[in-house]
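Student:
Numbering (my numbering), first residue to last: 27 to 177.
1. Between the alpha carbons of residue 103 and residue 109, how many angstroms are there, rounded?
2. Using a Cβ distance threshold of 8 Å, determine whether the segment 50–61 contacts the segment 85–105, with at least three qualifying pairs required.
3. Please tell me whether residue 134 has its Cβ less than 9 Å away from any Cβ of chain B.
4. In whole angstroms, what is the alpha-carbon distance linking residue 86 and residue 155?
5. Are there three or more Cβ pairs, one per stretch, closer than 8 Å when the segment 152–168 is compared with the segment 65–83?
6. Check whether the Cβ atoms of residue 169 and residue 122 lie closer than 9 Å to each other.
7. Once the 5 residues before and after residue 146 are set aside, which same chain residues still bring their CB inside 8 Å of it?
8. Let's test the definition: count the other Cβ atoms within 10 Å of the Cβ of residue 53 and tell me whether it reaches 16, buried, or not, exposed.
9. Given that a residue counts as buried once 16 or more other Cβ atoms are within 10 Å of its Cβ, and exposed if not, what is residue 51?
10. In its own chain, which residues sit with a C-beta less than 8 Å from the C-beta of residue 106, not counting the 5 before and 5 after it?
11. Mind reading off the beta-carbon distance from residue 37 to residue 88? Whole number of angstroms is fine, and I expect it under 8 Å.
12. Measure how close the beta-carbons of residue 130 and residue 151 come, nearest whole angstrom, since I'm counting them as under 8 Å.
13. Short check: CB of residue 35 to CB of residue 68, under 9 Å?
14. To the nearest angstrom, how far is the alpha carbon of residue 148 from that of residue 55?
Right under this line is the structure:
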């Protein structure tokens, strides 16, 4: 019962937050409408997750990857800017084996957030394929990749 309530509240807060971001300046009436609409959306989101038999999990390494994201975005922007210069080398396609317990969905999203990395495939739950302009792994990739050398 408590997990159901927590999940619904988290969905509601996320949906309300998105509405507030999209609307920009929010009056009290708009906030009330956003909360009511988000409440319905939260219930629907939970039911859809249950119907699809998706379980919540796979968050291992998420905090480390999120903390590495801002630096990775700045570094990726520098790499992307340098890549536009004449004579710059091409990018590489790499397979990244994810550490046990990491979810391919959130890991792929964080990897793709860097301007110099594009996730081109998620062939399995523990692997993503990326096209990267930098030859070495970035900080987010290091946070989500296996540490035993499996690539």
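Backbone N, C-alpha and C fix where the C-beta goes; we use that ideal spot for every residue, glycine too.
Tutor: This is what the structure gives:
1. 10 Å
2. no
3. No chain B appears in the structure shown, which is made up of a single protein chain.
4. 19 Å
5. no
6. no
7. 119, 155, 156, 157
8. exposed
9. exposed
10. 141, 142, 159
11. Not really, about 18 Å apart at Cβ, beyond 8 Å.
12. 5 Å
13. yes
14. 42 Å
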